[in-house]
Amino acid sequence: ETGVTQTPRHLVMGMTNKKSLKCEQHLGHNAMYWYKQSAKKPLELMFVYNFKEQTENNSVPSRFSPECPNSSHLFLHLHTLQPEDSALYLCASSPHRDRPGEQFFGPGTRLTVL
Amino acid sequence: QKEVEQDPGPLSVPEGAIVSLNCTYSNSAFQYFMWYRQYSRKGPELLMYTYSSGNKEDGRFTAQVDKSSKYISLFIRDSQPSDSATYLCAMKIGGGSNYKLTFGKGTLLTVNP
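So the protein sequences, as listed, match chains P and Y. Residue 1 is where the first sequence starts when you use our numbering, and the numbers rise one by one after that. Residue 1 is where the second sequence starts when you use our numbering, and the numbers rise one by one after that.
Printed below as a string of structure tokens:
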């Protein structure tokens, strides 16, 4: 397995469910990112981790909870989401947080909140 | 005024055409400019990364930056059906650990055989 992988690729959940998105990178990178991509909106950076430490939280609601156990894995825990949270959630990695222009993106998880 | 403006399209061209994709920006502090290509059901992939004003060429792709006009372009020569994708511009202010990265909304391009 190479590059950045994300599971699941598609997820449908109710507003009261709890689910988690998983990202894994096989590139030896030290920085990992979560983005939200909604239709007709720019890509929105949610969280940044550098060497497992969270360095950025762009005012993301607490119903989204990230976890980075090591430099290769990143999770996004979801609970009590709203329908407007339906979007494509993209994970990315780069050699270092200082080098965002070298990000490699995963294929994304298409999330639908009913 | 939004920091980065990008016409979402859709843009449809015949195979072999020259494609011009554009973004404008309002913040003159942007220093680094990127173009990403995103195929359907995939994540974005970096195509071009430029710093200064002028042109940068890579195969059939040319990235152009005009800082005085706050305008960037991506040209695709001899466009192919495989170029059909959404193209995102992105811009960065600052360096090191203190930077801000802003994306455009993306332009959907279809190249018809």
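Note that the Cβ used here is the ideal one computed from N, Cα and C, for glycine as well. All figures in this text were calculated on a predicted structure; none of them were measured in a lab.
Asked                                                                                                                                                                          : Found
When we look at the beta-carbon of residue 37 of chain Y and count the other beta-carbons within 10 Å, is it buried (16 or more) or exposed?                                   : buried
What are the partner residues of residue 95 of chain P, as DSSP defines its beta bridges?                                                                                      : For residue 95 of chain P, which the question treats as bridged, DSSP gives no partner whatsoever.
Please check the pair residue 45 of chain P and residue 37 of chain P, which I expect to be a contact at CB under 8 Å, by giving their CB distance rounded to whole angstroms. : Contact flag wrong, Cβ pair sits at about 11 Å.
CB-CB under 6 Å to residue 62 of chain Y, same chain, minus the five flanking residues each way: which ones, in chain order?                                                   : 55, 75
Reducing DSSP to helix, strand and coil, say where residue 3 of chain Y ends up.                                                                                               : coil
Using only the alpha-carbon positions, how far apart do residue 57 of chain P and residue 72 of chain P sit?                                                                   : 19 Å
Who are the Cβ neighbours of residue 8 of chain P in its own chain at under 7 Å, not counting the five residues just before and after it?                                      : 109
List the residues that DSSP assigns as beta-bridge partners of residue 100 of chain Y.                                                                                         : Y/93
Quick one: is residue 105 of chain P near chain Y, going by C-beta distance under 8 Å?                                                                                         : yes
Is it buried or exposed for residue 50 of chain P, if we count other Cβ within 10 angstroms and need 16 for buried?                                                            : buried
Just mark residue 97 of chain P as buried or exposed, buried being the case when its beta carbon has 16 or more other beta carbons within 10 Å.                                : buried
Listing by chain order, which chain P residues have their CB less than 7 Å from the CB of residue 103 of chain Y?                                                              : 42, 43
Does chain Y have any CB closer than 8 Å to the CB of residue 28 of chain P?                                                                                                   : no
At which residues does the beta strand (DSSP E) containing residue 13 of chain P begin and terminate?                                                                          : 10 to 13
Cβ of residue 40 of chain P within 8 Å of Cβ of residue 78 of chain P?                                                                                                         : no
Within 8 Å (strictly less), CB to CB, does residue 90 of chain P reach chain Y?                                                                                                : yes
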